Amino acid sequence: DGRYELRVPYADDRELIMDIMKYGSDCEVIGPEALRARVAAEFAAGLARYGTTA
Numbered sequence: 004d005g006r007y008e009l010r011v012p013y014a015d016d017r018e019l020i021m022d023i024m025k026y027g028s029d030c031e032v033i034g035p036e037a038l039r040a041r042v043a044a045e046f047a048a049g050l051a052r053y054g055t056t057a
């Protein structure tokens, strides 16, 4: 199905979040839950800048 899973050790989640976000909807954070929530919050904040309609 074209999916693959990466396990990435990291110390600074801010830098990792920026790396994740550059892939947009082509990337999903599975865990840890705290990182998943931070990525979702960053995307939500970006969407709020442009409105909520697609």
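When you read off a place in the sequence shown, starting at 1, and then add 3, the result is the number in our numbering.
C-beta: ideal position from N, C-alpha, C; glycine also.
From a predicted model like this one, the values you see are computed outputs, not experimental measurements.
CB-CB under 7 angstroms to D16, same chain, minus the five flanking residues each way: which ones, in chain order? Taken in chain order, the residues that qualify are L38, R41.
Less than 7 angstroms separating the beta-carbons of C30 and I23? yes
How would you write the range of the alpha helix (DSSP H) that A40 sits in, first residue to last? Note, A40: alpha helix (DSSP H), 36 to 53.
In three-state DSSP terms, what is L19? DSSP, read as helix, strand or coil, puts L19 in helix.
Measuring straight from C-alpha to C-alpha, what distance separates A14 and Y26? 20 angstroms
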